[in-house]
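> Sharing a structure below in C-alpha cells format, with a few things to ask.
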Amino acid sequence: MDTIILKIYSPHKFRISNWSLFLPELIKREYTDLSQTERSSTRPYLRRFVLHSKWQDEYLPRVEVFETLTDDRKNIRYILKIEFSVPKLLYWNSLQEVSEIDKDRVFFALKSSLAKVSIFLETETIANARVSGVHFCKNVILPKNIRMREILAELGRVDINKSVDVSSTRHKNGGRVLNIYSGTIERSFYDKISDSLRPKNKRTDKGRIDHERAVVERYKLQNYEVFRYEYRIKKMQTIKREVNSVLKREPQTLVVFNDLFTPNIIKNTILKSWRELIERPENQLSLFTPIDKLGLFLHILSEAKKKDEKAYGMNNALVSYGLATAIRDHGAKEVKGAIFEIWNSDHSERLTKKIELSADLIKGLPYSSNIAFINKALERFYLISLTSLEKGI
C-alpha cells in the first residue's frame with residue numbers, strides 16, 4: 027500500500043498540545059460560541075485548520091483538523107484527518123514496499139511522527155481510525171526486453187464502463203503516465219524510476235524526492251524501468267465495498283486502518299482490480315497477443331466450428347473477426363464510441379453480446395507478452411525490499 031487517509035473523530039480520541047502549529051491557529055469553541063447561521067449551516071464543516079510545522083528531520087504526514095457539528099447538530103466535534111504514504115513513513119521512499127507484517131512498525135512510526143508535532147494518539151486509536159482513502163500499489167521491475175511505453179500503449183486501449191475516462195499524460199523526456207478513472211476509483215500506471223527523477227511539479231508522486239532519488243542512485247537503478255500500478259480508492263463508501271468484498275464481510279462494515287493489514291489483502295485487492303480490468307471481454311480483445319490477420323481469422327472460424335451452435339454461425343464468426351481486429355488495433359473505447367456515433371446506443375446490450383461472443387472465440391490466444399509478464403509478476407507478488415535491492419536486479 028502507499029497513500030492512506032485516516033479520519034479520527036473527537037472527543038477523547040486525540041490530543042493536540044500546540045494549537046499554534048495550525049493555520050489559522052486552532053482555537054476550540056463550544057456550541058454556545060456559534061452564531062445562529064453556523065448552527066443552521068449545511069456545509070460539511072465550519073472551519074478547517076492545516077498543520078504547518080517547520081519540523082523536517084523525518085517524513086511528516088499531512089494533517090488537517092475540521093470543526094463540524096455532531097449528527098444531532100447539538101454540539102461541536104473535531105475531526106483529525108491524516109494523509110500519509112506508508113512506505114515513505116518507514117523508508118522515505120516508495121520503491122521499497124510495505125506488507126501486512128509491518129503493521130506494528132507502521133503504527134509506531136505514525137504515532138511517533140505525530141507526537142513530534144504535538145499530536146498525541148493511542149495505538150488503539152490509530153488501529154481503529156476510519157479509512158477514507160487508500161492507494162493499493164505494486165512495483166514490478168521490468169527486464170530490458172520489456173518497455174514501459176509499450177505496456178502503457180496496450181493498456182491505453184482498454185475500457186471499463188460508460189463512465190470511464192482514460193487519460194494519458196506525456197512528458198518531454200519521454201516519460202508517460204496512464205490514468206483510468208471510473209467514478210471514485212482510479213487506476214494509475216507509470217514508471218516509478220523516471221517519475222522519481224523528474225522535478226517535483228512534473229511528478230505523479232508529489233512527495234519529497236531527495237531520499238527517493240538517493241535510493242535510485244545508490245542501487246544504480248537509473249537505467250531500469252519499474253512498472254508501478256496504483257489502485258486508488260477515494261471515498262469511504264467505495265472503500266467499504268471494495269475492501270469488504272476482498273475480506274468477505276458485509277458490504278457496509280466500517281473499514282478501519284487495522285483492516286488494511288489483514289494477511290494478503292494488498293495482493294488480493296491488486297489482483298482483483300487487475301483482473302477486473304484485463305478480463306472484461308472488450309479488454310481481452312484489446313490485449314491479446316499480436317497475430318497476423320489471416321491467423322486470427324482462421325482461429326475464430328475454427329473456434330466457431332468447434333462449438334457447432336447457432337450462436338456461433340458463420341455470420342457471427344465474421345462479425346467477431348471484425349470486432350476483434352478493430353478493437354485490437356484501435357482500442358475498446360474508441361471502437362465502441364465510433365459504433366455508437368453511427369448507430370443508436372439505446373440498446374448497447376446488443377453490442378455487448380457481440381463483444382462477449384468475439385472474446386469467447388479468441389480464447390486460446392494468450393495475452394500479449396507485455397501484459398502476460400505483468401500478470402505473472404502480480405500473481406507472484408514479490409515484495410521489493412532493501413534486501414532485494416541490495417542483491418541487485
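Per this note's numbering, residue 27 is the first one in the sequence shown, and the count goes up by one each step.
All C-beta atoms, glycine included, are put in the ideal place defined by N, C-alpha and C.
If you're wondering where the values come from, they're calculated on a predicted model, not measured in any experiment.
(1) DSSP has Lys33 in a bridge; who is on the other side?
(2) In or out: Ala141 buried (at least 16 other Cβ within 10 Å) or exposed?
(3) Given this structure, state the Cα-to-Cα distance separating Leu32 from Ala240, to the nearest angstrom.
(4) Tell me the DSSP bridge mates of Glu176?
(5) On a Cα-Cα basis, can you pick out the residue from Asn119, Glu64, Val89, Glu123 that is closest to Thr96?
(6) Are Ser312 and Ile365 close, meaning C-beta to C-beta below 8 Å?
(7) Between the region 146-163 and the region 395-407, can you find at least three pairs of beta-carbon atoms closer than 8 Å?
(8) What number of angstroms, rounded off, separates the C-alpha of Ala403 from the C-alpha of Asp185?
(9) From the DSSP secondary-structure annotation, give me the bridge partner or partners of Thr94.
(10) Asp318: buried (16+ other C-beta within 10 angstroms of its C-beta) or exposed?
(11) Using CA atoms only, rank isn't needed, just tell me which of Pro50, Arg73, Leu49, Phe48 is closest to Leu60.
(12) Do Ser451 and Tyr85 have their CB atoms nearer than 8 Å?
(13) Identify, in the order they occur along the chain, each residue of the same chain with its Cβ nearer than 8 Å to the Cβ of Lys100, setting aside the five sequence neighbours on each side.
(14) Are at least three pairs of beta-carbons, each pair with one atom in the region 257-268 and one in the region 291-304, less than 8 Å apart?
(15) Using a Cβ-Cβ cut-off of 8 Å (strictly less than) and excluding sequence neighbours within five positions of Ile304, which residues of its own chain qualify?
(16) Flag this pair as yes or no: are the beta carbons of Phe134 and Phe40 separated by less than 8 Å?
(17) Between which two residues does the beta strand (DSSP E) containing Leu204 stretch?
Looking at the coordinates:
(1) Counting from 1 along the sequence shown, the entry for residue 33 is found at position 7. Per DSSP, Lys107, Arg156.
(2) Along the sequence shown, read from residue 1 onward, the residue named residue 141 stands at position 115. By the neighbour-count definition (other C-beta atoms within 10 Å, threshold 16), Ala141 is an exposed residue.
(3) Counting from one through the sequence shown, the residue named residue 32 turns up at place 6. Counting from one through the sequence shown, the residue named residue 240 turns up at place 214. Those two C-alpha atoms are separated by around 29 Å.
(4) The sequence position of residue 176 within the sequence shown is 150, counting from 1. In DSSP, Glu176 forms no bridge with anything.
(5) Translated into the one-based positions of the sequence shown, residue 96 becomes position 70. Residue Glu64 is the option with its Cα nearest to Thr96.
(6) Counting from one through the sequence shown, the residue named residue 312 turns up at place 286. Counting from one through the sequence shown, the residue named residue 365 turns up at place 339. The Cβ atoms of Ser312 and Ile365 lie no closer than 8 Å to each other.
(7) With a cut-off of 8 Å on Cβ pairs, the region 395-407 is not in contact with the region 146-163, counting fewer than three such pairs.
(8) Against the sequence shown, residue 403 aligns to sequence position 377. Against the sequence shown, residue 185 aligns to sequence position 159. Their backbone Cα atoms lie some 22 Å apart in a straight line.
(9) Taking the first residue of the sequence shown as 1, we reach residue 94 at position 68. Arg103.
(10) Your numbering for residue 318 matches position 292 in the sequence shown. Asp318 comes out exposed.
(11) In the sequence shown, the residue the question calls residue 60 occupies position 34. Nearest of Pro50, Arg73, Leu49, Phe48 to Leu60, Cα basis: Arg73.
(12) Look at the range of the chain in this structure, 27 to 419, and you will see that residue 451 is not part of it.
(13) Sequence index remark: in the sequence shown, residue 100 carries index 74 (1-based). Residues of the same chain with a CB within less than 8 Å of the CB of Lys100, apart from the 5 flanking positions on each side, are Tyr57 in chain order.
(14) Taking one beta carbon from each stretch, the region 257-268 and the region 291-304 have 3 or more pairs nearer than 8 Å; the two touch.
(15) Start at 1 with the first residue of the sequence shown, and residue 304 comes out as number 278. Here Ile304 has Val184, Gln310, Leu313, Tyr393, Ile397, Asn401 as same chain residues with Cβ atoms under 8 Å from its own Cβ, once five neighbours each way along the sequence are excluded.
(16) Residue 134 sits at position 108 when you count from the first residue of the sequence shown. Residue 40 sits at position 14 when you count from the first residue of the sequence shown. Taking 8 Å as the cut-off, the beta carbon of Phe134 is found no closer than this to the beta carbon of Phe40.
(17) Along the sequence shown, one-based indexing puts residue 204 at 178. Per DSSP, Leu204 is one residue of the beta strand (DSSP E) stretching across 202-208.
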